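**Q** Numbered by numbering that gives the first Met the number 0, the letters in the sequence shown go through residues 0 to 605 in order.
Using N, Cα and C, we set each Cβ at its ideal position, and we do this for glycine too.
Here the structure is a predicted model, which means the values were calculated and not measured.
Got a structure here, written out as structure tokens. Questions coming.
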Amino acid sequence: MQRLRQFYQETFRTIRAKLIGIISLIVVLSLLLFTGIALNLFQTNMAELIKLNNGNNAKMLADKIDSELRLQTDVLRLLATTTRGTAAAAFFDEASSLLWVGDFPSLTEEPTRAFFRAEKLKKYRLNPARVAKFFAFRKGDIVALRSGKSLLRAVDSAELHLWFFAVPFIAKGSERALVALLAGDALNALLAAVKTKGSAVSLYAAMLVDPDKRLVAHSESRRFKPYQDMANHPAVDAAFRLSEKNIGTGVLRYAWNGEHEYGSFRKLNSGAILITTVNEGIAFEGVRWARITTILIALIILCLAVLFIYFFSRTISDPLKSLVEATNRVRAGQYDTRVEASSRDEVGELAQAFNEMTEGLREREQLKGAFGKFVNEEVARMVLRGDLALGGELKTATVLFSDIRSFTTISEKLNPAEVVAFLNEYLSLMVEVIHQNGGIVDKFIGDAIMAVWGAPVSRENDVENAVAAALGMRQALLEFNRKRGGRGKPAIRIGIGINTGEVLAGQIGSENRLEYTVIGDTVNLASRLEGLTKFFGADILIAQSTYDLVKKQFACIPLKRVQVKGKSEAQRVYAVLGRLGDPAAPKTLAELHKLTGLYPQKKLEL
């Protein structure tokens, strides 16, 4: 079963192959079923017709032979009453099949009279006296048409076969019998009328057998020996068995010499049985040719159907292939892909629907791209997928705030276009670093950036990624300043504050405008820490909660406790020098000041 399924899957992988296979199967089965039923009905009707014709042939031949023998009998009776030799001679001249006739009284051993033609007997090398003596010996059982084989043996002649029959009658109050010797060729000629002319093997054949089941005559006399024992022939055996039950006629089908035949039999008045046969193979030759012709026609129709389906299926398979190729291009992001609707059927409708779908995808992708520029990309994907729950939820997150030092002073020296260009260049650089470290830019507040790790999706190393992002922003800013310095522009200094804790994350806004953000004391403290960077002269400050989670990965210096607005207790603050083991990272605050260009203010106002 598995191999059959695999063969089906490998053979009928395409629609074209499936159409060819299915329609070919339907055509073949329909033709075979239709022709099979038609030919079977035709064969059945032909078989019945053959049986009927064969039965009619048997009746016709039997009547003809009975009539011939009856005529011979009447003539013999007439001959028995005549005493003129000229009449007998004339009779034998006309009756070419009769060789010898003897008139036997019931109680004598020799015929009282004998009628014969010497020329005919000479042909068989028969002596009239020997013939008379032979019939005298056989007088007791000459009651039907029988073989003259023993007579031929007696006279040592078997050139032609002979038959004899008796005609009993009463003359002058005494029982008498006329015995006639008959040439077998005459009966063969009668039966040969059923043979098909010009055929090596005839469709119809006929044979006559005597009561001893020996062959008397046959329509194909050259193929059968005279006096042949026919007891083993199925038709002969069945005919004699039925005749014993007083059934004088019948039709049957039997096998003989490796072929099937239909046989019809009739019992003659002389006691012999006539059997006519029909060769089934020859009779149904037309049926076989009809089957062959049907198969050839079916193959031609199948070939034409396959060719038609092959070219017709291209109107389906080619557009579908184009759709598959176009789908792969759309999957790769080529939303401007279109397919040609070459038909008005369902395939054409599918192509039109595909074009409308790609148009919608292109618009959606454009909207998504525009949406992602105003909303965080991760949040945008979650909104489009429907994964972002409505309302707020408590999450543990790390919040980063960054701001440019003295931005107002810098912007005063630039026109508005230069300010926007500067900010876009700077923010693009910082946002890229944040994204590379798994952060989400929550919002821009002028030149300030608010980023979050842990909301809306949390990862195992959110806190480490946030501090790593701050260090990356420091390094990116140094490169940015080197490039600006080459263009004669002032260096940029930033401050970064990081805090970790519980936040309320969710969609906040009005019915017309929503914004995903995080709020809470953790966010406020991160903002305060960013503001403290200008007083401590450190570009990156982290809270105690963040330090406790990253102290094994980063080198940090504790600063003095400070009282932060909104907090009842003073907060411990840490300056981040760099990643532990990084040889390029500053080792002290002094090195950090020199690296960043930020120095502490003398007066702290918290």
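(1) Go ahead and pull the three-state DSSP assignment for F283.
(2) Can you give me the C-alpha to C-alpha distance between V208 and R252, rounded to a whole angstrom?
(3) Going by CA-CA distance only, name the one from A537, Q543, K551 and K63 that's closest to T587.
(4) Quick one: residues in its chain with C-beta nearer than 7 Å to the C-beta of A131, no 5 flanking neighbours on either side, listed in chain order?
(5) So is L298 buried or exposed if we call it buried at 16+ other beta carbons inside 10 Å?
(6) Identify whether T587 lies in helix, strand or coil by the three-state DSSP scheme.
(7) Write down the C-beta distance between L399 and G359 rounded to the nearest angstrom, noting that I regard them as a contact closer than 8 Å.
(8) Taking the alpha-carbon of N423 as reference, which of D446, I491 and I274 has the nearest alpha-carbon?
(9) Report the CB separation of V561 from L524 in whole angstroms; it is logged as a contact under 8 Å.
(10) Taking all protein chains shown into account, do 16 or more other C-beta atoms lie within 10 angstroms of the C-beta of M472, making it buried, or fewer, making it exposed?
(11) Applying the criterion that 16 or more other CB atoms from any shown protein chain within 10 Å of the CB defines a buried residue, is C555 buried or exposed?
(12) Can you tell which of L591, S567, G565 and K566 has the C-alpha that lies nearest to the C-alpha of V575?
(13) Put V214 into one of helix, strand or coil per three-state DSSP.
(14) How many angstroms separate the CA atom of G262 from the CA atom of A238?
(15) What are the boundary residues of the beta strand (DSSP E) that includes D102?
(16) CA-CA distance, A458 and F421?
(17) Could you give the uninterrupted runs of the alpha helix (DSSP H) lying entirely in the segment 504 to 576, keeping only those of 4 residues or more?
(18) Hey, how far is the Cα of S156 from the Cα of L125?
(19) Using alpha carbons as the reference points, say which of P104, R76 and L70 lies closest to S96.
(20) In its own chain, which residues sit with a C-beta less than 8 Å from the C-beta of N480, not counting the 5 before and 5 after it?
(21) Write down the C-beta distance between A606 and V338 rounded to the nearest angstrom, noting that I regard them as a contact closer than 8 Å.
(22) Only counting the same chain, and skipping five residues up and downstream in sequence, which positions put a Cβ closer than 7 Å to that of S453?
(23) Taking its Cβ as the centre, do 16 or more other Cβ atoms sit within 10 Å of T595, making it buried, or is it exposed?
(24) Nearest-angstrom Cα distance between V419 and G565?
(25) So what's N498 in DSSP terms, helix, strand or just coil?
(26) R571: which of I497, N231, P585 and A46 sits nearest, CA to CA?
(27) Inspect the beta-carbon positions of I19 and I308 and report whether they are closer than 7 Å.
(28) In whole angstroms, what separates the C-alpha of I21 from that of F310?
(29) I'd like to check one pair, V215 with R179: are the Cβ atoms closer than 7 Å?
(30) Would you mind listing the beta strand (DSSP E) stretches within the segment 240 to 319 that are 3+ residues and don't spill past its ends, in chain order?
(31) In whole angstroms, what is the alpha-carbon distance linking A289 and N44?
(32) For the putative contact between G580 and L470, defined by C-beta atoms under 8 Å, what is the C-beta separation to the nearest angstrom?
(33) Could you please give me the residues that DSSP links to V166 through a beta bridge?
(34) Mind checking which residues open and close the beta strand (DSSP E) that includes E392?
(35) Give the single residue among E417, I495 and S410 whose Cα lies nearest to the Cα of V451.
(36) Within 10 Å of its beta-carbon, does G606 have 16 or more other beta-carbons around it, so buried, or fewer, so exposed?
**A** Reading from the atomic positions:
(1) coil
(2) 19 Å
(3) A537
(4) G101, E109, P110 and A113
(5) exposed
(6) coil
(7) With 8 Å as the limit, L399 and G359 do not qualify as a contact, their Cβ atoms being about 37 Å apart.
(8) D446
(9) In fact, because the Cβ distance is near 11 Å, the residues do not count as touching under 8 Å.
(10) buried
(11) buried
(12) L591
(13) Here the sequence assigns Leu to residue 214, which means Val is not the residue at that position. L214 falls in the strand class under three-state DSSP.
(14) 9 Å
(15) L97 to P104
(16) The sequence shown places Arg at residue 458, not Ala. Approximately 33 Å between the Cα atoms of the pair.
(17) 520 to 535 and 543 to 549
(18) Any answer about S156 is weak, because its pLDDT of 48 lies below 50 and its placement is not dependable; what the coordinates show is given next. Cα-Cα distance, rounded: 8 Å.
(19) L70
(20) A490 and I491
(21) Residue 606 cannot be examined here, being either before or after the span of the chain that is shown, 0 to 605.
(22) Here residue 453 is Gly; the residue named in the question, Ser, does not match the sequence. Excluding residues within five positions, the ones whose Cβ falls inside 7 Å are K394, T395, A396, T397 and D461.
(23) buried
(24) 34 Å
(25) strand
(26) I497
(27) yes
(28) 15 Å
(29) According to the sequence as given, residue 179 is Ala; it is not Arg. Not closer than 7 Å, so no.
(30) 248 to 255, 258 to 266 and 272 to 278
(31) 15 Å
(32) Not really, about 13 Å apart at Cβ, beyond 8 Å.
(33) L177
(34) G391 to I403
(35) I495
(36) A query on residue 606 cannot be resolved here, the shown segment of the chain reaching from 0 to 605 and no further.
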